[in-house]
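Sequences listed follow chains A and B, in order.
To get the numbering used here, take the position in the first sequence, counting from 1, and add 65.
To get the numbering used here, take the position in the second sequence, counting from 1, and add 65.
A virtual CB, placed ideally from N, CA and C, is assigned to each residue, including glycine.
Working notes, structure below.
2 protein chains.
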Amino acid sequence: MLVESEVEHLDTIISRTKPIPKGKHLYSAGDPFSHVYAIRSGCLKSFHNSENGEEQITGFHLPGEIVGLEAISTKVHSNFTQALIPSEICAIPYAELDSLSATIPSLRQQLVNVMSKEISENYQLMLMLNQKTAEQKLASFLINLSARNAHRGGFEKEFNLLMTRSDLANYLGLAIETASRILSRFAKNDVIDITRRSVKIKNMAALSQIAGTQCHI
Amino acid sequence: MLVESEVEHLDTIISRTKPIPKGKHLYSAGDPFSHVYAIRSGCLKSFHNSENGEEQITGFHLPGEIVGLEAISTKVHSNFTQALIPSEICAIPYAELDSLSATIPSLRQQLVNVMSKEISENYQLMLMLNQKTAEQKLASFLINLSARNAHRGGFEKEFNLLMTRSDLANYLGLAIETASRILSRFAKNDVIDITRRSVKIKNMAALSQIAGTQCHI
DNA sequence: CGGGCGCTTGAACAGGGTCAACATCCGTGG
DNA sequence: CCACGGATGTTGACCCTGTTCAAGCGCCCG
Numbered sequence: 066m067l068v069e070s071e072v073e074h075l076d077t078i079i080s081r082t083k084p085i086p087k088g089k090h091l092y093s094a095g096d097p098f099s100h101v102y103a104i105r106s107g108c109l110k111s112f113h114n115s116e117n118g119e120e121q122i123t124g125f126h127l128p129g130e131i132v133g134l135e136a137i138s139t140k141v142h143s144n145f146t147q148a149l150i151p152s153e154i155c156a157i158p159y160a161e162l163d164s165l166s167a168t169i170p171s172l173r174q175q176l177v178n179v180m181s182k183e184i185s186e187n188y189q190l191m192l193m194l195n196q197k198t199a200e201q202k203l204a205s206f207l208i209n210l211s212a213r214n215a216h217r218g219g220f221e222k223e224f225n226l227l228m229t230r231s232d233l234a235n236y237l238g239l240a241i242e243t244a245s246r247i248l249s250r251f252a253k254n255d256v257i258d259i260t261r262r263s264v265k266i267k268n269m270a271a272l273s274q275i276a277g278t279q280c281h282i
Numbered sequence: 066m067l068v069e070s071e072v073e074h075l076d077t078i079i080s081r082t083k084p085i086p087k088g089k090h091l092y093s094a095g096d097p098f099s100h101v102y103a104i105r106s107g108c109l110k111s112f113h114n115s116e117n118g119e120e121q122i123t124g125f126h127l128p129g130e131i132v133g134l135e136a137i138s139t140k141v142h143s144n145f146t147q148a149l150i151p152s153e154i155c156a157i158p159y160a161e162l163d164s165l166s167a168t169i170p171s172l173r174q175q176l177v178n179v180m181s182k183e184i185s186e187n188y189q190l191m192l193m194l195n196q197k198t199a200e201q202k203l204a205s206f207l208i209n210l211s212a213r214n215a216h217r218g219g220f221e222k223e224f225n226l227l228m229t230r231s232d233l234a235n236y237l238g239l240a241i242e243t244a245s246r247i248l249s250r251f252a253k254n255d256v257i258d259i260t261r262r263s264v265k266i267k268n269m270a271a272l273s274q275i276a277g278t279q280c281h282i
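Laid out in structure tokens, this is it:
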């Protein structure tokens with residue numbers, strides 16, 4: 066944690082941008098890297114463009130999370146990050162974050178911790194995408210959204226999917242139809258209620274069991 | 066890059082352990098985190114244990130690479146890392162690396178760069194595992210090994226797989242039989258020669274095309 | 001009110017998994 | 001040095017999960 070004087074110091078370098086409207090890109094692949102971004106409200110998705118021009122979604126980002134870290138080493142963004150709903154963002158200039166981190170040990174440690182956490186979580190994600198069945202993927206995904214939603218003070222059992230079925234399926238490596246079918250099946254089996262984007266988890270135990278337990282990613 | 070005096074400073078904290086024999090664990094899930102490890106020679110694999118006790122391989126590591134970074138934030142290792150062949154390792158105590166990085170800006174930046182690179186590469190890997198067919202996965206895997214081998218001075222077109230078919234298939238999310246069949250097919254089509262673990266790429270262009278081009282991961 | 005996008009559902013198909021049998025390599029001990 | 005056994009790798013036949021193709025519904029917004 067940072068002490069107050071340090072927070073003030075950090076505050077001076079951060080700019081709160083005006084809300085990004087739905088559909089707008091925060092950055093694009095090829096953009097020179099200058100800032101990392103902390104999400105204050107809203108929801109964004111990150112995606113890469115494959116050769117054939119189709120997007121490949123690599124993550125959905127909620128308030129409290131940091132995006133842009135993958136570009137530090139190359140100084141060029143390698144993906145696109147786009148708002149799914151109007152979102153407020155803090156832009157943190159990386160050059161200044163780096164020099165500040167020399168004098169504020171806890172800031173340096175925070176930065177490294179955030180990156181380490183992302184590495185660790187991405188391994189979990191990789192395992193899930195690589196090894197699980199479609200049902201397990203969707204169950205894990207719902208549990209993960211639920212946990213992230215609860216973590217920042219929302220409801221654990223009732224929330225909105227902020228992405229389309231198409232985005233969701235793309236992220237999980239499934240066909241839209243498969244995602245839709247499985248969500249319908251969950252609903253039929255009274256594991257969840259789902260109407261359009263609005264989800265209510267009715268049987269968390271069953272959902273966890275389908276997911277193959279624990280998987281908090 | 067580090068200047069000479071800095072390298073000397075860094076050298077004082079690094080211990081070169083005696084070679085780890087084949088099959089020995091460098092660290093295990095649950096071990097308290099104290100060091101990150103630079104690989105000097107050999108080959109290691111990292112894996113998680115799923116609920117049912119089966120291992121899920123998340124990476125193969127070659128000389129020049131750093132392992133253990135995922136544990137910085139939690140201070141506990143979340144995976145197992147095991148030598149596939151006898152391997153020489155440099156153990157770098159993290160507490161000292163952290164404090165040194167306060168006084169040596171380039172060291173701090175190197176650390177963050179290495180982590181950023183790992184995040185970025187893992188996204189590429191995730192995309193591959195999530196979206197590609199079995200053929201594409203194997204072609205990408207061979208190209209990746211080839212590139213990593215060439216990068217550190219080995220042959221680009223001729224190298225040994227240092228892992229079993231089982232490890233390879235597990236990593237790519239395939240059945241052993243599928244991996245074996247596809248490698249045989251590549252050989253039949255004169256794309257590669259393969260005898261047990263020894264691989265020779267005969268038609269890199271064809272392999273790249275199967276992989277869906279570029280994918281350097 | 002009408003058009004389009006987002007979503008659902010059904011039917012047919014195929015890529016890859018599973019099961020099973022067999023081949024080959026390698027280490028170990030007689 | 002050879003014989004044996006276990007681990008590793010290959011190949012075939014069949015099956016299942018998830019994709020593809022196709023049609024239709026319903027919500028939202030102009």
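Proximal residues of chain A, C-beta to C-beta of residue i below 7 Å
| i | result |
| --- | --- |
| Pro170(B) | Ala167 |
| Gly238(B) | Asn195, Gln196 |
Test: residue i CB closer than 9 Å to a CB of chain A
| i | result |
| --- | --- |
| Lys182(B) | yes |
| Arg81(B) | no |
| Gln174(B) | yes |
| Ala136(B) | yes |
| Leu127(B) | no |
| Glu161(B) | no |
| Glu153(B) | no |
| Asn214(B) | no |
Three-way DSSP call (helix, strand, coil) for residue i in this model
| i | result |
| --- | --- |
| Asn225(B) | strand |
| Thr260(B) | strand |
| Cys280(A) | Low confidence applies here, because Cys280(A) scores a pLDDT of 39, under 50, leaving its location unreliable and the question unanswered by this model. |
| Ile79(A) | coil |
Under 9 Å from the C-beta of residue i: neighbouring residues of chain A
| i | result |
| --- | --- |
| His113(B) | Tyr188, Gln189, Leu192 |
Rounded straight-line distance, which links the Cα of residue j to that of residue i
| i | j | result |
| --- | --- | --- |
| Ala103(B) | Gln175(A) | 23 Å |
| Ala252(A) | Ile259(A) | 7 Å |
| Gln279(A) | Gly129(A) | Confidence at Gln279(A) is low in this model, with a pLDDT of 49, below 50, so its placement is unreliable and no value can be given for it. |
| Arg230(B) | Arg81(A) | 51 Å |
| Leu194(A) | Tyr188(A) | 10 Å |
| His281(A) | Leu226(A) | Low confidence applies to His281(A): its pLDDT is 41, below 50, so where it sits in the model is not reliable, and the reading given next is rough at best. In a straight line, the C-alpha of His281(A) is about 17 Å away from that of Leu226(A). |
| Gly289(A) | Ala148(A) | Here chain A has residues from 66 to 282 only, and residue 289(A) is not among them. |
| Leu75(B) | Leu165(B) | 8 Å |
| Cys155(B) | Arg213(B) | 20 Å |
| Tyr92(B) | Pro86(A) | 46 Å |
| Val177(A) | Tyr159(B) | 11 Å |
| Phe112(A) | Pro170(A) | 33 Å |
| Gly238(A) | Gln121(A) | 9 Å |
| Leu162(B) | Val132(A) | 25 Å |
Interface partners of residue i on chain B, CB under 7 Å
| i | result |
| --- | --- |
| Leu123(A) | According to the sequence provided, residue 123(A) is Thr. The question's Leu does not apply to it. Correct list: Tyr188, Met191, Leu192. |
| Asn178(A) | Ile137, Ser138 |
| Ser143(A) | Ser185 |
CB contact check: residue i to chain B, cutoff 9 Å
| i | result |
| --- | --- |
| Thr139(A) | yes |
| Glu221(A) | no |
| Ser164(A) | yes |
Residue i beta carbon near the ligand PLP (any heavy atom closer than 8 Å)
| i | result |
| --- | --- |
| Leu192(B) | You won't find the ligand PLP in this model; it holds no ligand whatsoever. |
- prompt: What residue ranges within the stretch 143–184 of chain A form continuous alpha helix (DSSP H) runs of no fewer than 4 residues, ordered along the chain?
  reply: 159–168
message: I'd like the ranges of any beta strand (DSSP E) spanning at least 3 consecutive residues and lying wholly in the stretch 192–252 of chain A.
response: 223–225
query: Which runs of the beta strand (DSSP E) fall wholly inside the stretch 88–148 of chain A and span at least 3 residues, in chain order?
result: Here the runs fully enclosed are 90–92, 100–114, 120–126.
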